[in-house]
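Novice: Per numbering that gives the first Met the number 0, residue 0 is the first one in the sequence shown, and the count goes up by one each step.
Note that beta-carbon positions come from the ideal geometry of N, C-alpha and C, so glycine has one too.
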Amino acid sequence: MSKWRSFRQLAMVCLALGAGWSCTPADVHDADAGPIDGDGAGAGDAGVDVDAGVDDLARSLDCPTSSPWITDVSGRVVDEADAAVPGAFVQLCVRTTLGRLLCLRPTTAGDDGAFQADIAANARCLDRATARVVKPLTDSATLYCAVPLPLSPDTSSIVLDAPYAVWSTTRATTLPPAGDAAVPRAVTFANGASVDVVPSGLPDGTYERLAARVLDDVSDAPACLRDGAPPLQTLVAFSPEVDVAGAGVGARLPNRGGLAAGTQVPVYALGSIDCRRADGSLVDEGQWEHFADGVVSADGSSVVVAGVPCLTWLGVGVP
Numbered sequence: 000m001s002k003w004r005s006f007r008q009l010a011m012v013c014l015a016l017g018a019g020w021s022c023t024p025a026d027v028h029d030a031d032a033g034p035i036d037g038d039g040a041g042a043g044d045a046g047v048d049v050d051a052g053v054d055d056l057a058r059s060l061d062c063p064t065s066s067p068w069i070t071d072v073s074g075r076v077v078d079e080a081d082a083a084v085p086g087a088f089v090q091l092c093v094r095t096t097l098g099r100l101l102c103l104r105p106t107t108a109g110d111d112g113a114f115q116a117d118i119a120a121n122a123r124c125l126d127r128a129t130a131r132v133v134k135p136l137t138d139s140a141t142l143y144c145a146v147p148l149p150l151s152p153d154t155s156s157i158v159l160d161a162p163y164a165v166w167s168t169t170r171a172t173t174l175p176p177a178g179d180a181a182v183p184r185a186v187t188f189a190n191g192a193s194v195d196v197v198p199s200g201l202p203d204g205t206y207e208r209l210a211a212r213v214l215d216d217v218s219d220a221p222a223c224l225r226d227g228a229p230p231l232q233t234l235v236a237f238s239p240e241v242d243v244a245g246a247g248v249g250a251r252l253p254n255r256g257g258l259a260a261g262t263q264v265p266v267y268a269l270g271s272i273d274c275r276r277a278d279g280s281l282v283d284e285g286q287w288e289h290f291a292d293g294v295v296s297a298d299g300s301s302v303v304v305a306g307v308p309c310l311t312w313l314g315v316g317v318p
């Protein structure tokens, strides 16, 4: 597991630990300090003033008329029972038509769960946008959802039809004592999921908070997770979200598909704010990454996989 490696990951940690604005504004609001694309080409935009031009809503002359010019995104954050989640953070990560990848200042949902995320002028000419939704200091999985961009270039405000649903997670059922924090160990959760972690490689306080949720039915997952997802037979949510350095970690996920022992099956991870492949390149936020094939265990109970690049949502696919 890695320490913080970029401005984008520091923003993630500040939110997850409830640090609010105790982080320096540049650290929280700026884009990735490293590569912005899959092959490592190009540099991130550290030092971007994302507050610049918020009050000027006019389309920039350098934004093609065929591209969306988006000034704000609004919607609601709810829980599984459709109740409002006040205090939830909603953070937009956008890729502009100029190829800049920016993770912007998060906004906070009100008492009714409603939010409005304003986009600065230098980040409005969009190629794509992803919303990161998290309720700090709670056992709940961080949600990543692609923001649907309007087909009409005349639409500048996006009002989401469906709310963002935040799912609860449950603390580990078996959490070995920290002991030698540099030694890897298996952490087990309810319903047969487990991961191998090194406590010293996690942000402070994260090891004790590790939690997960095996969904009873993949179709119960938030709709935005299912949109564009590969066929999945098992879906597991983790919290807090954690990036993984180098070769990644191992995991055992329930074999909900009843596959025979020894069967190879694709396993996917949902890209997060600093989810990286073994070569250091970024997995795009909200994108399902086929990072490895797992193998059904000898007793048929689980799918065993190595190289998990980040603990957000993991899915077992269909052979």
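What's the gap between the Cα of Ala246 and the Cα of Leu269?
Specialist: Ala246 and Leu269: Cα-Cα distance of roughly 17 angstroms.
Novice: Only counting runs of 4 or more residues, tell me where the alpha helix (DSSP H) segments fall wholly within the segment 220-271, in order along the chain.
Specialist: The qualifying runs are 222-225.
Novice: With 16 other CB atoms within 10 Å as the buried threshold, where does Asp283 fall?
Specialist: buried
Novice: From the DSSP output, read off the bridge partner residues of Glu288.
Specialist: Ala268
Novice: Please report the distance separating the alpha-carbon of Gly316 from that of Val158.
Specialist: Each residue's CA atom was taken as its position, placing Gly316 and Val158 some 32 angstroms apart.
Novice: May I ask you to report which of helix, strand or coil DSSP gives Gly43?
Specialist: Any answer about Gly43 is weak, because its pLDDT of 33 lies below 50 and its placement is not dependable; what the coordinates show is given next. Looking at Gly43 - three-state DSSP - the assignment turns out to be coil, as it is neither helix nor strand.
Novice: My output table needs one value for Ser73: the three-state DSSP class, helix, strand or coil.
Specialist: Ser73: strand per DSSP, three-state reduction.
Novice: Please look up how many angstroms separate the CB atoms of Val264 and Gly293, rounded, as I've assumed it's under 8 angstroms.
Specialist: With 8 angstroms as the limit, Val264 and Gly293 qualify as a contact, their Cβ atoms being about 5 angstroms apart.
Novice: Using a Cβ-Cβ cut-off of 8 angstroms (strictly less than) and excluding sequence neighbours within five positions of Val49, which residues of its own chain qualify?
Specialist: Because Val49 sits at a pLDDT of 44, beneath the cut-off of 50, its placement in the model cannot be relied upon, and the point is left open.
Novice: If you scan the segment 151-218 from start to end, which runs of the beta strand (DSSP E) of 3 or more residues do you find wholly inside it?
Specialist: With a minimum length of 3 residues, the continuous beta strand (DSSP E) runs that stay inside the segment 151-218 are 156-158, 184-187, 193-196, 210-213.
Novice: Specify, as a first and last residue, the run of the beta strand (DSSP E) that Val93 falls within.
Specialist: 88-95
Novice: Determine the direct distance from the alpha carbon of Leu224 to that of Val217, and round the result to whole angstroms.
Specialist: 10 angstroms
Novice: Could you tell me which residues DSSP puts in a beta bridge with Cys309?
Specialist: Asp242
Novice: Grab me the residues of Gly314's own chain with a C-beta within less than 6 angstroms of its C-beta, minus the 5 sequence neighbours each way, in chain order.
Specialist: Leu231, Leu234, Tyr267
Novice: On the DSSP letters alone, give me the boundaries of the beta strand (DSSP E) that Cys144 sits inside.
Specialist: 142-145
Novice: Are the CB atoms of Leu56 and Pro96 within a distance shorter than 8 angstroms?
Specialist: The question names Pro, but residue 96 is Thr in the sequence shown. For Thr96 and Leu56, no; Cβs fall outside 8 angstroms.
Novice: Can you tell me which of the three DSSP states Ala82 falls into?
Specialist: In the three-state DSSP reduction, Ala82 falls in the coil class, being neither helix nor strand.
Novice: Do the CB positions of Val243 and Val307 come within less than 8 angstroms of each other?
Specialist: yes
Novice: Ala119 by DSSP, collapsed to three states: which one?
Specialist: Coil.
Novice: Give me, in chain order, the residues of the same chain whose beta-carbon lies closer than 8 angstroms to that of Leu258; leave out the 5 immediate sequence neighbours on both sides.
Specialist: Close CB contacts of Leu258 within its chain, under the 8 angstroms cut and outside five residues either way in sequence, are with Val264, Val295, Gly299, Val302, Pro318 (chain order).
Novice: Name the one or two DSSP bridge partners that Ser296 has.
Specialist: None; Ser296 has no bridge partner.
Novice: Compare the Cα-Cα distances from Asn254 to each of Ser151, Trp287, Asn190 and report the closest residue.
Specialist: Asn190
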